[in-house]
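Worksheet: one structure, shown below.
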Amino acid sequence: MTQLKNPQILFASDLRDGEVLFLGASGWARDHRQASVARDSVEAAALEARGKADVAANRVVDVYLADVAIGAGGAPEPLHYREKMRIKGPSVRRDLGKQAQLAQAGEPR
Amino acid sequence: MALISDGKFVENDWRHLADEEDLPKAGKIIVSRKRLDEALAALAADMPLGVIVANTTDPADLAPHFSRLALIAVAFPAFADGRGFSLARLLRRAGFTGELRASGRIVADQSVHARQCGFDTIEIPADLAARQDEAQWRAAFGAYSEFYQQGYGARSSILERRRKATS
Amino acid sequence: MTAHDPRQAARPNAPTTTYRYDAYDTAFVRERVAEFRQQVARRLEGAMTEDEFRPFRLMNGLYLQLHAYMLRVAIPYGTLTARQMRRLADIADKWDKGYGHFTTRQNLQYNWPKLVDVPDILEALADVEMHAIQTSGNCIRNVTADHFAGVAVDEIEDPRPTAEFLRQWSSLHAEFSFLPRKFKIAVSGAAHDRAAIKAHDIGLRIHRDDKGEPGYEVFVGGGLGRSPFIGKTVREFLPREDLLAYLEAILRVYNRFGRRDNKYKARIKILVHETGIEEIKAQIEAEFAAMDRSPFKHDEEEFARIAGFFAPPPYETLPSESAALEDAKRANAAFRAFAEVNVHEHKTPGYAIVTVSLKPIGGVPGDATSAQMRMLADASEKFGFGELRVSHEQNIILPHVKKDDLFALWQMLDAAGLATANAGLLTDIISCPGLDYCALATARSIPIAQAISRRFSDPERQRLIGKLGIKISGCINACGHHHIGAIGILGLEKKGQESYQITLGGDPSLSAAIGELLGPGVTADQVPDVIEHIVDFYLAERQGDERFIDTWRRLGHARFKDVLRREGEDGADI
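Protein chains in written order, with this note's numbering: chain A, 2 to 110; chain B, 30 to 196; chain C, 1225 to 1798.
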């Protein structure tokens, strides 16, 4: 078991609707704040294995681990700008995607 | 391996001969390209013989042996590799009239491509056959009633049918 | 009175100024939908893995993108009827988020479809003679053509019959559906090439021989992306009767010998480059000679049948000048600007071609809401025989507008926010969706377009600058065609940040050229400044009525690089 350079969460896409999903403790979540965070290689491998099992079960596609930093409220925030886009939606249409769903729910982004 | 003909699973009476196996005296065997010369020399002239070739084969390499070959199998190493479809066309053009078999990683949805290009049968590994049952092969085989391309397949093309309709 | 034949209006997809499906075409798209419905079902239950499903998903235009699936609907040779445009609007509302994006290959993209809904979407498209067949995948893609087809003053022959002929020939081609990589064909039938044919895998230029017979100059091996190439001539004059056979020969050589070991070296342009044009030509000609061409002997009859659908609409006999138009221009400055920039000469007296810009200042290039799509459908019926075009420049064309009606049309467009008078000007920017939408992207492209658009928003300034094509791609795949932009911008990643490389001197026309790199990548914030420095230098140096590209060619790229060196902030090269 080795320590990871950065904590990681697991991304995937929902097979049926294409939405971005995150693997959490109780299954797939649409909100990245519910993602399980892996802090060492054993945890990361376990996350990936669970993800791949759901690929084989035709539930999700395109699973991969992404580096995060733990933010102020304890939420995992992706480090790379591509994954930062994926947790929000198009930067040129703030009314669409996850950012809009959260705005509707009255959540601060 | 499972064998499909006209959208149905059929008995496969051809056997792939492993390179290290001795040539048998009887039976319908498919040898690899590198054993073909040996087989041609050693086997009785009336023993049915097949060869399996890479999809990069030059048809001219096989043309001298057409009359002796009852079957040519073209290997499909991956679904996305469509070279076998061109090779089938070229083998037919070169005059091969025996059984053309597409062998390897082919999905049911490619059966129209295979048929239109001149393949008679399709042979797939067990893992593919397990997931793609006969219902899927039958459905795929009959998915399209007509095609636009001329000179492919046994049925006349849409263009020919249009012409006949107006003449 | 606008010429709108009520008898034709009663027929579906009226009037006939474009191809109409017969029973075979209809059966084919229906069978395709049924097949895809089965494929989706088998995918969901696991009878097909994602690897097995992917080629078929792509061959029905469905990508998995950054936030959602994306469906790319084919708009063959960029031609749409009003009814089809309305159906695109309905689909956007029913199964997507109320808008669509018109692309650099004359198609339409929906950004939020669900896989489970796509068979129903394809069914809705089939109802109006549309589909998403082969808009992606390693197969022959949408055959694009000049968006001024049929109406341009410099037209030799309408390229759309050729494009439709090739569309049918390439649909579910049994031999060429699993190519090494995508294959794009474009057709031009005019003295000026508006379809960027030399940037395509096969480009076809229609022209006539000494006896006046139509044939094709055939270019092979053009393509953008990681290694851009301009197409090379393999045949100066290919007779029409040999078109399908010759293309089959080219595709067979490519299918057999195109590289399959490396995705970035798999296009025919690489095969041509690595084999050499003379050797490739020899292989194509040898294959063409060896083929049995008897199946093609009646091709000209089918071609003539198809061409019949593209007959001109019932134009009125009008004087070439319109007093009403001139009066309106004098009375309304905003309309005058529109008339001078977005209206183009038509081959029929009294008519004009109108570009409806989908590049409002600060907007998303190429996007249209469902309301805008419906308004455009209405406008086309009121002012243009119910026909629209999509240009590869991501604008909508109304190809049959009476000059007398231009003011009324402009008022309709203006009310819908679609009257931006910037066709061909600096703010008429071509941009791929980039990292805001696309899973392949390395940087965002749309915000760059928006920032440049806002910086140059002043219409007077734009008119002063004149024709200047800016093209932006969000990754090396070059869907924004940045290589052939007079100014090209490529978004990459550098040290964990979005970084933008700028090129100058690209040209999409028959004098095709790939742009040259200006310098190291700059940040998003710096891009508008760089563009301003370049443009200011051009304005200071231009002679006569030189366009930007002309001045660049005369002065040479090094002079422009020097401009940036002098202007670098904090001493840095920009």
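Just so you know, even glycine gets a beta-carbon here, dropped at the ideal spot from N, CA and C.
Bridge partners - residue i, DSSP secondary structure assignment
i, result
"I1694(C)", "I1711(C)"
"T150(B)", "S34(B) and R130(B)"
"I10(A)", "A67(A)"
"K1422(C)", "None; K1422(C) has no bridge partner."
"W43(B)", "K57(B)"
"K1338(C)", "In DSSP, K1338(C) forms no bridge with anything."
"A1603(C)", "Beta-bridge pairing links A1603(C) to no other residue."
"R1296(C)", "Q1333(C)"
"K1626(C)", "Y1575(C)"
"A39(A)", "Q9(A)"
"P77(A)", "I71(A)"
"E1611(C)", "T1305(C)"
"Q165(B)", "According to DSSP, Q165(B) bridges with nothing at all."
"F105(B)", "G133(B)"
"E20(A)", "The partner list for E20(A) (beta bridge, DSSP) is empty, contrary to what the question assumes."
"Q4(A)", "D41(A)"
"H1355(C)", "A1298(C)"
"Y1323(C)", "T1593(C)"
Residue i, DSSP secondary structure in three states
i, result
"T195(B)", "helix"
"S115(B)", "helix"
"Y1287(C)", "strand"
"D87(B)", "coil"
"T1241(C)", "coil"
"Y1724(C)", "strand"
"K1406(C)", "coil"
"V1411(C)", "strand"
"D15(A)", "strand"
"P1438(C)", "strand"
"S1394(C)", "helix"
"H142(B)", "helix"
"R1432(C)", "strand"
"A172(B)", "coil"
"F1372(C)", "coil"
"L1637(C)", "helix"
"A1348(C)", "helix"
8 Å Cβ cut-off: residues of chain B touching residue i
i, result
"H1355(C)", "Here the premise fails: no neighbours, minimum Cβ distance about 13 Å."
Chain-ordered chain C contacts of residue i [CB-CB under 7 Å]
i, result
"L188(B)", "E1526"
"D90(B)", "None at all; the shortest Cβ gap to chain C is about 14 Å."
"E163(B)", "Ordered by position in chain C, no residue passes the 7 Å Cβ test against E163(B), which lies about 12 Å from the chain."
"Y65(A)", "Going along chain C, no residue has its Cβ under 7 Å from Y65(A), so there is no contact; the nearest lies around 12 Å."
Neighbour list for residue i in chain B, Cβ cutoff strictly below 9 Å
i, result
"N1284(C)", "Under the 9 Å cutoff, chain B gives no residues; its nearest Cβ is about 11 Å from N1284(C)."
Contacts of residue i in chain A (Cβ-Cβ under 8 Å)
i, result
"P1671(C)", "S92 and V93"
"Y1661(C)", "P91"
Beta-carbon separation (whole angstroms), residue i vs residue j, contact threshold 8 Å
i, j, result
"Q1674(C)", "G1586(C)", "5 Å"
"L1650(C)", "I1696(C)", "Incorrect: roughly 12 Å between the Cβ atoms, too far for contact."
"G1739(C)", "G1730(C)", "3 Å"
"F1326(C)", "Q1767(C)", "F1326(C) to Q1767(C), Cβ: 36 Å. No contact."
"H1431(C)", "G1446(C)", "With 8 Å as the limit, H1431(C) and G1446(C) do not qualify as a contact, their Cβ atoms being about 18 Å apart."
"T86(B)", "L116(B)", "6 Å"
"L1312(C)", "V1297(C)", "7 Å"
"S34(B)", "I81(B)", "With 8 Å as the limit, S34(B) and I81(B) do not qualify as a contact, their Cβ atoms being about 17 Å apart."
"A57(A)", "L5(A)", "At roughly 25 Å, the Cβ-Cβ gap does not stay under 8 Å, so A57(A) and L5(A) are not in contact."
"A1419(C)", "T1368(C)", "6 Å"
"G1302(C)", "S1615(C)", "6 Å"
"D68(A)", "H81(A)", "7 Å"
"Y1478(C)", "R1450(C)", "So it is not a contact: roughly 18 Å between Cβ atoms."
"Y181(B)", "A1398(C)", "5 Å"
Under 8 Å by beta carbon: chain C residues contacting residue i
i, result
"E20(A)", "H1291 and A1292"
Residues that residue i contacts on chain A, provided the C-beta gap is smaller than 9 Å
i, result
"L1268(C)", "L16, R17 and N59"
Under 7 Å by beta carbon: chain B residues contacting residue i
i, result
"H1397(C)", "Q178"
"P1279(C)", "F108 and A109"
"P1519(C)", "Q179 and G180"
Within chain C, the residues that residue i reaches when beta carbons sit closer than 9 Å
i, result
"A172(B)", "E1255, R1256, A1258, E1259 and Q1262"
CB contact check: residue i to chain D, cutoff 7 Å
i, result
"E1274(C)", "No chain D appears in the structure shown, which is made up of the protein chains A, B and C."
> At which residue ranges does the stretch 1449-1519 of chain C contain complete alpha helix (DSSP H) runs of 4 or more residues, listed in the order of the chain?
Replying inline: 1467-1481, 1492-1499 and 1501-1514
> Which runs of the alpha helix (DSSP H) spanning at least 4 residues fall entirely within the stretch 1524-1605 of chain C, listed in chain order?
Replying inline: 1547-1555 and 1557-1565
>> Threshold first: 4 residues or longer. Then list the alpha helix (DSSP H) segments lying entirely within the stretch 1646-1679 of chain C, N to C.
In response: 1670-1679
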